[in-house]
Amino acid sequence: MTTLKYLSGYPESLQQQIRQLIVEKRLGDYLERRYPQRHQVQSDKALYGYVQQLRQSHLKSAPNIDKVLYDNRLDLTHRALGLHTAVSRVQGGKLKAKKEIRVAALFKEAAPEFLQMIVVHELAHLRESDHNRAFYKLCEHMMPGYAQTEFDLRCYLHWRELA
């Protein structure tokens with residue numbers, strides 16, 4: 065029986081359906097049918113604009129993001145697909161806090177829905193630090209269908225490892 069580490073929190077019945085798709089070599093077809101396109105956000109500058117646009121449309125009162133970039137060092141071995149950080153520095157007599165969002169570079173080649181899901185997830189951390197009910201409600205508000213997209217993204221990660 066194949067261990068599905070990215071789907072370990074999901075019901076066994078769903079995991080079994082994905083295992084069946086893997087055995088039949090149809091997982092890639094399923095994902096290609098659901099997510100046929102690739103996004104055009106390829107540079108760090110374009111990603112910054114994309115994040116700011118989402119923040120502006122859903123979290124207007126949230127603090128500004130100072131830096132957004134694709135990060136080659138984020139990978140699946142650390143279980144990090146995106147990262148949000150707040151860096152505080154003392155400059156003169158003032159405390160400056162800078163907020164950063166880093167997105168794993170593997171999302172340069174992903175479907176636009178997957179990129180949006182990662183960005184929404186990291187933006188939601190501006191309001192909710194924990195993965196609690198309010199956090200996922202906010203994610204769903206910013207991206208209707210968030211839960212399904214997250215599930216499919218986890219399937220995509222398994223499919224990438226198989227390939």
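Residue numbers for the sequence shown follow the numbering used here, so the first one is 65 and each next one is one higher. Ideal placement from N, C-alpha and C gives every residue a C-beta, glycine not left out.
| Asked | Found |
| --- | --- |
| Extent of the continuous alpha helix (DSSP H) run through Arg-197 | 197 to 206 |
| Spatial distance of Gln-120 from Ala-227 (CA atoms) | 37 Å |
| Run of the beta strand (DSSP E) containing Glu-214, from where it starts to where it stops | Where Glu-214 is concerned, there is no enclosing beta strand (DSSP E), although the alpha helix (DSSP H) it sits in stretches over 210 to 226. |
| Where Val-17 falls, given that 16 or more other Cβ within 10 Å makes a residue buried | This structure gives no information on residue 17, because the portion of the chain shown stretches from 65 to 227. |
| Cβ shell of Leu-78 (< 8 Å), same chain only, five flanking positions each side left out | Leu-71, Phe-215 |
| C-beta atoms of Ala-168 and Leu-187 nearer than 8 Å | no |
| Distance between beta carbons of Cys-203 and Leu-95, contact taken as under 8 Å | That pair is no contact at about 21 Å. |
| Other residues of its chain near Arg-153: CB distance less than 7 Å, five sequence neighbours each side excluded | Lys-160 |
| Under 8 Å between C-beta atoms of Leu-179 and Val-105 | yes |
| Ala-174 versus Gln-155 - alpha carbon distance | 39 Å |
| Burial state of Glu-177, where buried means 16 or more other Cβ atoms lie within 10 Å | buried |
| Runs of alpha helix (DSSP H) lying entirely within the segment 104 to 176, each at least 4 residues, in chain order | 108 to 122 |
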